[in-house]
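Chemist:
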Amino acid sequence: MVEHSNGNIVVPENDSDLMDSDNEVNEKPHTVLLEAISQLGGKQRVKPPTRKEPSLQVSEFHLVKRGTGFKSDVNVNELVEVLGQRSSHAKIGRKLQSIQKKSKTLRKPLEKSLSEKIQRSLGFENVKKELGKWDAVVHKNRSSDSLSFPLNQPDSRLPTSNALIANWKAEEVEYPLSLEEMIERRKEMAKLRAVQSFQAAKAVRQKKIKSKK
Numbered sequence: 001m002v003e004h005s006n007g008n009i010v011v012p013e014n015d016s017d018l019m020d021s022d023n024e025v026n027e028k029p030h031t032v033l034l035e036a037i038s039q040l041g042g043k044q045r046v047k048p049p050t051r052k053e054p055s056l057q058v059s060e061f062h063l064v065k066r067g068t069g070f071k072s073d074v075n076v077n078e079l080v081e082v083l084g085q086r087s088s089h090a091k092i093g094r095k096l097q098s099i100q101k102k103s104k105t106l107r108k109p110l111e112k113s114l115s116e117k118i119q120r121s122l123g124f125e126n127v128k129k130e131l132g133k134w135d136a137v138v139h140k141n142r143s144s145d146s147l148s149f150p151l152n153q154p155d156s157r158l159p160t161s162n163a164l165i166a167n168w169k170a171e172e173v174e175y176p177l178s179l180e181e182m183i184e185r186r187k188e189m190a191k192l193r194a195v196q197s198f199q200a201a202k203a204v205r206q207k208k209i210k211s212k213k
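Residue numbers (full-length UniProt numbering): 1 to 213.
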């Protein structure tokens, strides 16, 4: 580039060629870049995969995202219509219709606090019902003049030796004993007499000790 005294600028041929080469734009990459930029503002930035050729391979990579132009939901009514087109499938279609009519939406489960409150109220009602069985007894005890506890006091006294001997004698009369039973009974009687003699001797010793004091 040369500037003359009259103010005009003369551009050499080599420099003009360089400027022309800078202004030239490759159309194909430029178009691709513009398309990519135009897609940045949309919801779907990447084009959905499309299968152009039939394939036997089925996997999650061959699925299409919802809302990309393909109908992803299948309604039961559509299935019934398709099945109704054939007489062999009409029975299945009627079953689907009956199931759809009978089907009910499940209720939303209760919150934990509300569920526990209901369980507590049911438990209270059950306990109240069980305690209500004793209302008559409680009313009778309140209206009575005096009470003795326990009401049915069992006899906690041990039977005496004379009572045991009397019972054994009665059993001997009622039920005849075999030889083995008689030997066993004699052993028991001897043991009982030994215990009685020991208790009698002990009582005598204690009596002597008390008399010395």
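Don't be surprised by glycine CBs; every beta carbon is placed ideally from N, CA and C.
Could you tell me which whole beta strand (DSSP E) segments of length 3 or greater appear in the segment 88-169?
Modeler: Runs found: none.
Chemist: Quick check: M189 and I165, are their CB atoms within less than 9 Å of each other?
Modeler: Yes.
Chemist: Return the chain-ordered list of same chain residues with a C-beta closer than 6 Å to the C-beta of L18, the five sequence neighbours on each side being excluded.
Modeler: Residue placement at L18 is flagged as unreliable, the pLDDT there being 47, under the threshold of 50; a coordinate-derived value is accordingly withheld.
Chemist: Could you check what DSSP says for S178 in three-state terms: helix, strand or coil?
Modeler: It is coil, neither helix nor strand.
Chemist: Would V195 and S148 qualify as a contact pair, given that the criterion is a beta-carbon distance under 9 Å?
Modeler: Contact: no.
Chemist: Distance check for R205 and K212, CA to CA, integer angstroms please.
Modeler: Near 11 Å, if we compare the C-alpha coordinates of R205 and K212.
Chemist: Would you report the Cα separation of E130 and L110, rounded to the nearest angstrom?
Modeler: Between E130 and L110, the C-alpha separation is close to 28 Å.
Chemist: Straight-line CA distance for S113 to G123?
Modeler: The alpha-carbon atoms of S113 and G123 are separated by roughly 15 Å.
Chemist: When the Cα atoms are used, what is the spatial distance from T105 to E125?
Modeler: Rounded to whole angstroms, T105 to E125 spans 31 Å at the Cα level.
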